[in-house]
Each structure stands twice: as C-alpha cells, then as structure tokens.
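Asker: Residue numbers (the numbering used here), protein chains in the order written: chain A, 1 to 136; chain B, 137 to 272; chain C, 273 to 408; chain D, 409 to 544; chain E, 545 to 680; chain F, 681 to 816.
Every residue, glycine too, gets a C-beta built ideally from N, C-alpha and C.
6 protein chains.
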Amino acid sequence: MKAAVVRKEHFNAAHRLHNKKWSDEQNQRIFGKCNNPNYHGHNYELLVKLVGEVDPDTGYLFDMKLLSDIIKEEVITPFDHRNLNLDLAEFKTLNPTAENIAYVIWHKLRNRIDEKFDLKITLYETERNIVEYPAD
Amino acid sequence: MKAAVVRKEHFNAAHRLHNKKWSDEQNQRIFGKCNNPNYHGHNYELLVKLVGEVDPDTGYLFDMKLLSDIIKEEVITPFDHRNLNLDLAEFKTLNPTAENIAYVIWHKLRNRIDEKFDLKITLYETERNIVEYPAD
Amino acid sequence: MKAAVVRKEHFNAAHRLHNKKWSDEQNQRIFGKCNNPNYHGHNYELLVKLVGEVDPDTGYLFDMKLLSDIIKEEVITPFDHRNLNLDLAEFKTLNPTAENIAYVIWHKLRNRIDEKFDLKITLYETERNIVEYPAD
Amino acid sequence: MKAAVVRKEHFNAAHRLHNKKWSDEQNQRIFGKCNNPNYHGHNYELLVKLVGEVDPDTGYLFDMKLLSDIIKEEVITPFDHRNLNLDLAEFKTLNPTAENIAYVIWHKLRNRIDEKFDLKITLYETERNIVEYPAD
Amino acid sequence: MKAAVVRKEHFNAAHRLHNKKWSDEQNQRIFGKCNNPNYHGHNYELLVKLVGEVDPDTGYLFDMKLLSDIIKEEVITPFDHRNLNLDLAEFKTLNPTAENIAYVIWHKLRNRIDEKFDLKITLYETERNIVEYPAD
Amino acid sequence: MKAAVVRKEHFNAAHRLHNKKWSDEQNQRIFGKCNNPNYHGHNYELLVKLVGEVDPDTGYLFDMKLLSDIIKEEVITPFDHRNLNLDLAEFKTLNPTAENIAYVIWHKLRNRIDEKFDLKITLYETERNIVEYPAD
C-alpha cells in the first residue's frame, strides 16, 4: 500500500534577493522591491511530503511526530526568526529565492529521511507565491 | 480533453490508534497520546479527485452534485459523528490511522465511480497532518 | 493606549453531548448525532483575547510567548487528545457543548491572567460552529 | 534544478451552465440550479503552475511579478466582474463549466509562456469544487 | 451565563450595483466595474451571530442545527444560485451592495429568531470585502 | 442604518523588537528570538474597519475601492517589502511590536478617513498572533 503523508510547519524570516556578481542597478532592475538592502520578510509555510509504503503493523507511512521533530531540528530551529542572508551559511552565496530555499530545505531533510521514501517540498512564501521542489 | 475535478467534504469523528496484537506499553510507546483509551477526535477534511475525459456535451468531467451525493452516502453518513474504532466494521481490526482511513475511503468510493476515472483521496486529519492515497 | 491581543491555539478531542438527568430518548431527540454513546470528535481552534493597556517600555500588551505557555498549561495539555466527558473532571456533570467548553476555558485562564486585562474566549468547534464567551 | 512555481490570483464573475443544443427541460435536468436563466456567480481562485529549470543567476524559475502581470492581462482584466456567457467570446458557444474555464485559461496563458515551461491550471469555483487542467 | 454563537453558511449569486434614479454615466462613475449591465457574481460567506443566555439544561445558547435550518430556509434557498437583482423581490428597488444584502438578511432572520437573542450578520462578499450589520 | 465595513490588505516586512534604552541582555531576555539583531519578518494581514451610516443613494457605507486606495497610499506602499526599524521614520524610536504597528497605522488612516466614521485596525502578525486597536 503506497501512499503519501504531508506535514505542515512554519517559520518567520527576513531575506533580500541579491546577486553579488551584479551591479546595484541590475539587482534593482531584476529583483525590484525584493532587493531592498535593509531586507523584508515573510511567514513561510512549509509542506514536507513523503511517498512510500505504509507499515502494516503501525498503519503509519512515517511517524508524523518524528517527521515534525526532524523538520524542527533541520529547518525551523535554524531558520525561524532569522535573516536568511546574514544568519545562514547556506545563503552566504546562494540567493534566498523561494526556489533556492526549497532546494536547501530538501537537501537538509533528504539527509535525515530514509531513501526508501520519496521527498518533496512545497514552500509558501506568501499565500500567492508558492514553490515546489522537486517538480512532480 | 483530460482534466481532474476535486470535491471537498468533511466529517467529525472520534478515534484511537491501537494495535491489538501489541502490549499496552508498546501501543503507548508507538502511538503516544493518540493511544488514549478514551479516544480523541478530529474534523476530517476529505478531498476526492477524479481524473478523466471531459464530456463535450455537458462540459463536465463528472457531475459534482452526483459526486457529492456518492461521497455522502459512502463516507459522510457512515463516518460523521461516529467513533471510527467502535462504530465502523472497517476498523474493527484495522488501525484508523489517517493512512488507513484514506485507504478505506478509496475502496468504498472506487466501487461507486466508473473505472474510466482515476480516483485519488486526500485526507486532512488536521491542517498540519495530511495523507494522500494512492500516491501520485 | 488601550488595545487587544489575540492568541490562537488548537486541540483535538472527543466528546458526546448528553444530559444525565434525561432519558436516552430525550437526549437523542435534543442532541441527535452529537449524542452518539461512542463519542465523536473535533479539531478545536481556540482564540484567547486580552484587552488592556500597552506597556510603553516593551510595546507589548502581554507577552504572547507567555500567553501561549499559559494556554498550553491550562488548556492544551489537559484537553488535547482527550475525551472531554471521560478524562476531564470539569465535564463529569457539565455537558461539553462548545458553550460550556468556552466557559470552562475562560475560568481556567481567568485564574492565571491579571484582572487588569479583560479576557474573552472564541472557540471554533468546526469552521461553521463558533462560540464566544463572554459575549461582547 | 527542476522545480515548480505557483501564482494565485482571483476574479469574480457571473455565469450560467447551458447547452444551446438542448431543450430547456434537458438543461434544467442536467444542470439544475446552475442553469438559472438569470445567472449566478462565484469568486474564482486561480492557481497557475509552471514547471521548469531554475535560472542559476536569478534563482528564479520565472519572475513571479511577470507571471502575475501576464495572468492579469490574459485572465483577470477580461474575466473579472464580467458575465462569462455574455461578455466573453470564448464562451459564446462553450459552456462555462469550471472544466471549460480552466481549459480556456490554459490556452490563453500557453500563448504567453515559453514552451520550455510546463503549464497547469487549478481553478477553485468554490472551496468545495475544484478543477485541474491538464490532469497530472 | 451570557455568550454568543456563530453559524457560518454560504451562497453563490450574481448581482450588479446600479441606482435606477441615476444616469448610466453616474452609475458607471460611482460603481465602476460593479455596474456591468450583464452582472458579475460572488461566493458569499455568511456568519450569523446570536447573543443571549445559555440554557443550563442543554448547554446550548441555541440549537445550531435549528439555526442552520432557519438560515437555509430564509437565505440560502432563496439566494443561492440566483441573480439578486432579477430573482429577488427585496432587491427590485434596493441596490444589492453587501451592506444592503446584510440588512435584508438581518430582517429576514430577525423575524424567525426570538427577540431575547441579539442578532448580528457578517457578510463576506470576498475575503477582502466584509460587511457587518448592525455595527457593534 | 448603521453598519461596518472591513477591507483586508497585506504587506511583507522585516522587523526586530528592541528597546534602545535597555542593555542587550535585557532586550534578549524580554524579546527572545524577536530581538535577533539581523531582523526577521512577517506577512502582515491588515483589516481596516469603518463604522458609520450607509448612504441611501449608493448603498455604500464607504467606497471599498477608495478605502483600498487610501490603505495602499498610507500603509502598503510605505510598509511593503521594507524594514520597519530601518526604513520607516515612525519606528526610529518606537518599537515595532504588532501593538505599535497597529497604533501607527490607525493614526495614518485616521488622518484620511472622515471623523464621522469610527475606525478600527486588526493586524495579523501571523495567523496565531493578532492585535486590535483600539480595543472594542
């Protein structure tokens, strides 16, 4: 019996979109108000989806309490109430777009979730801007 | 023209996670507070998705009023305001995890929906814990 | 500067509506499917509102982390994943309608929140059935 | 790095379900209250999903401001506060079911989005009736 | 024990904002796209709030099933899937703004709810435009 | 006919809670992770409520398009994608708690809305932390 489970968590963070290789003019032209040098921020909503076999003894695909704990250790504790550009080594050179944040989160969780489960991240930067990684 | 339609319904039920083959200690260790012998409960949100061809005469993939009626007959009427463990034959031996509830609902609806439509269930136990069956 | 702050928390519980002084027939007639002897359940959403003066030094009306901790101690820990009728002394004789649950929560929190703050409870039994105590 | 981005927009419109080739009796039997000759209406929520490669220089799969502008030009401006049957050439002969609205929107946007991106539409007619085109 | 209960229901309708005493130019200037002669529509969300004493025998302020039935009879059945301007006698001369719709609903329900309960209507025309009647 | 209208808008901003008169230790003790010197951020949801008389000619209490424009000029344009502490004169010395942000927004809008309307602000910092100013 193959199924999927999804756990929803959230974190609040500041960020700024900026490519250090570009001039200020080019950054402003491409990223607009998201390039504000003083940062802005979001309430990020994070959905973590695992696909795999349901254990017939527990009826669980994955213990959701354990999944929540792993997400908190890997993502919520280091990301919540932080400045993604300044406080997180992952975004020292990587631009913290929603696409790249989802990519970083996927890799951090991939290390902690058994390879027998497929893993997919959906990240809501706002309720109108959403990213999925990897794509279906 | 192949598309998908999704109908959302809801039911409120009590349940308890418990494996009758295990000791009380093991049940408590695996299921924690979800093992409370006196039960707890949820407002379950149910999404039923059909994939198939749109009828060119009606412009419908499936009549959503009919889909709602089928879901009510097969799921909402028997599940709503019930204790899943005690009141439903399906869970006399099957542990009513969200995964297993989605599996049972899928089979009940599969009997009523023409095989030319693919069928998928998404079940929200809470807004933070979600199950999909089958997996994409 | 008088304002209000609201903190939202949630708990999942089983309950049954039943008046022990009435016959089974009367209970069934008045409470319908909510009278199921095997219980049903809900994801309760709880809003706790405090009205008072904002502290000019902190800019806080009340520390929301502290408010969350008080709600967890007084309500979430004892109510979450429980059967309100069987597991909670407050509902041994009091029928756990949403009205009465809000009333009990208000009294539990009133003991912990300084009287200089007005206190109001809004309880969502479902997204369609909501209770406020006290009334505005 | 292949990912997906989703942009959410909304429009409010009137419509009526009706097949001009059928008698009034057949229209009423098939479409019920949705056949009201005086129309009814909805707040449509539209999700537009693009799947493709993330640009390593910008960290963007697609500029979401540009995607929002394209959706506004192609869908929101012509559809919002309109009668789909009377005001839109696309539905002069095509019945404006949610399935057909999603199909029309997909074609309008497909002309504006580079073919290197896969395109998918999800349309909420209400929070309970949802259509996806094309199907996964 | 004085409290409040709120019941949420919904209906989907077409309407047009128009003052028959004004010229077309003035109607267009004041109501803009809401004046479209072919109508547009909304998914209206309706909250009905009653304030009063909780019955100590039932623990109910008001039977929510009965409240839902009254709302359905007085509002949902006549308003749902209708054109407010054309299909409803109440709006033959009264402009169906959200303010006036709330006012009409209040009067229809006031006739059915015992005067010992205060009655208040909140109407969501969209999630961004909301009306309350009467004001607190 | 006295009623209320509510308009919902949103902005995304970075902020940091900090009292310049206090030591770093005291700021950390009182504000915890909200004191992060590199800032964090939120998607703020703003509800602006006006209470007053409905105009019998228009059926409007207030033109919601005009209200939206005023909120955009006074709040969304200056606040959105900004750092409240660094970019806004209002918070150079005032700590940008949700209470104080609501207070500042109220005063900015009060200057633009005719005194015949009562004005109230509800600000969602997250869906779990909400402030109202003034209190009812």
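#1: 9 Å is my cut-off, CB to CB: does P464(D) come that close to chain H?
#2: Expressed to the nearest angstrom, what Euclidean distance is found between the alpha-carbon atoms of N111(A) and P78(A)?
#3: From N236(B), I212(B) and I249(B), pick the residue whose C-alpha is nearest to that of P61(A); which is it?
#4: Is it buried or exposed for P504(D), if we count other Cβ within 10 angstroms and need 16 for buried?
#5: Under the DSSP definition of a beta bridge, which residues are partnered with V267(B)?
#6: Between the region 347 to 367 of chain C and chain B, which residues of the former have a C-beta closer than 9 Å to a C-beta of the latter?
#7: Using a C-beta to C-beta distance shorter than 7 Å, which residues of chain E count as neighbours of R687(F)?
#8: Taking one C-beta from the region 695 to 712 of chain F and one from the region 611 to 629 of chain E each time, how about it: are there three or more such pairs within less than 8 Å?
#9: Going straight from the alpha carbon of K228(B) to that of N221(B), what length do you get?
#10: Could you check whether the Cβ of H18(A) sits closer than 9 Å to any Cβ belonging to chain F?
#11: Within 10 angstroms of the Cβ of L746(F), are there 16 or more other Cβ atoms? Answer buried if so, exposed if not.
#12: Check each residue of the region 449 to 478 of chain D: if its Cβ is closer than 7 Å to any Cβ of chain A, include it; give the result in chain order.
#13: What residues of chain A sit near D272(B), judged by a beta carbon separation below 8 Å?
#14: Please confirm if the region 5 to 17 of chain A is in contact with the region 279 to 292 of chain C, defined as three or more CB-CB distances below 8 Å between the two stretches.
#15: Any idea what DSSP makes of V755(F), helix, strand or coil?
#16: Can you give me the Cβ contacts of T530(D) inside the same chain, cut-off strictly under 6 Å, excluding the 5 residues immediately before and after it?
#17: Can you give me the C-alpha to C-alpha distance between A543(D) and G585(E), rounded to a whole angstrom?
#18: How is the alpha helix (DSSP H) around Y103(A) delimited, first residue to last?
#19: Does DSSP classify F389(C) as helix, strand or coil?
#20: If we count the other Cβ atoms within 10 Å of its Cβ and call it buried at 16 or more, is R165(B) buried or exposed?
#21: Of the choices M409(D), A412(D) and K441(D), whose alpha-carbon is the least far from that of R626(E)?
#22: Do Y724(F) and Y804(F) have their beta-carbon atoms positioned less than 9 Å apart in this structure?
#23: If the cut is a Cβ gap below 9 Å, which residues of chain B does N508(D) touch?
#24: Quick check: the Cα distance between D471(D) and E498(D), rounded to an integer number of angstroms?
#25: Considering only the beta carbon of each residue, do R400(C) and R808(F) sit closer than 9 Å?
#26: Under the DSSP definition of a beta bridge, which residues are partnered with V731(F)?
#27: Let me know if K321(C) comes out buried or exposed under the rule of 16 or more other beta-carbons within 10 Å of its beta-carbon.
#28: Closest Cβ-Cβ distance between D118(A) and chain B: below 9 Å?
#29: With DSSP as the reference, label N35(A) as helix, strand or coil.
#30: By DSSP, does R626(E) sit in helix, in strand, or in coil?
#31: Using only the alpha-carbon positions, how far apart do G331(C) and L789(F) sit?
#32: Report yes or no: is there a C-beta of chain E within less than 9 Å of the C-beta of F303(C)?
#33: Which residues in the same chain have their Cβ closer than 6 Å to the Cβ of A367(D), if we skip the five residues on either side of it in sequence?
#34: Taking only three categories from DSSP, how would you classify F635(E)?
#35: Taking the C-alpha atoms as reference points, what is the distance between I342(C) and K72(A)?
#36: Which partner residues does G313(C) have in the DSSP bridge list?
Answerer: The short version:
#1: In summary, chain H is missing from the structure at hand, where the protein chains are A, B, C, D, E and F.
#2: Cα to Cα, the separation comes out at about 16 Å.
#3: It should be noted that the sequence gives Leu, not Pro, for residue 61(A). Its Cα nearest to that of L61(A), the residue N236(B) stands out among N236(B), I212(B) and I249(B).
#4: buried
#5: V5(A) and L259(B)
#6: D352, H353, R354, N355, N357, L358 and D359
#7: R672 and N673
#8: no
#9: 6 Å
#10: no
#11: exposed
#12: V459, V462, D465, T466, G467, Y468, L469, M472 and K473
#13: A4, V51 and D136
#14: no
#15: helix
#16: L455 and E540
#17: Spanning the alpha carbons of A543(D) and G585(E) requires a straight line of approximately 27 Å.
#18: A98 to R110
#19: coil
#20: exposed
#21: K441(D)
#22: yes
#23: M137, V190 and G195
#24: 28 Å
#25: no
#26: A684(F) and D798(F)
#27: buried
#28: yes
#29: helix
#30: strand
#31: 20 Å
#32: Any Cβ of chain E closer than 9 Å to the Cβ of F303(C) would place that residue at the interface, and such an atom is present.
#33: Residue 367(D) lies beyond the residue range present for chain D, which begins at 409 and ends at 544; the question has no answer from this structure.
#34: helix
#35: Whole-angstrom Cα-Cα distance: 22 Å.
#36: Under DSSP, G313(C) forms a beta bridge with A286(C).
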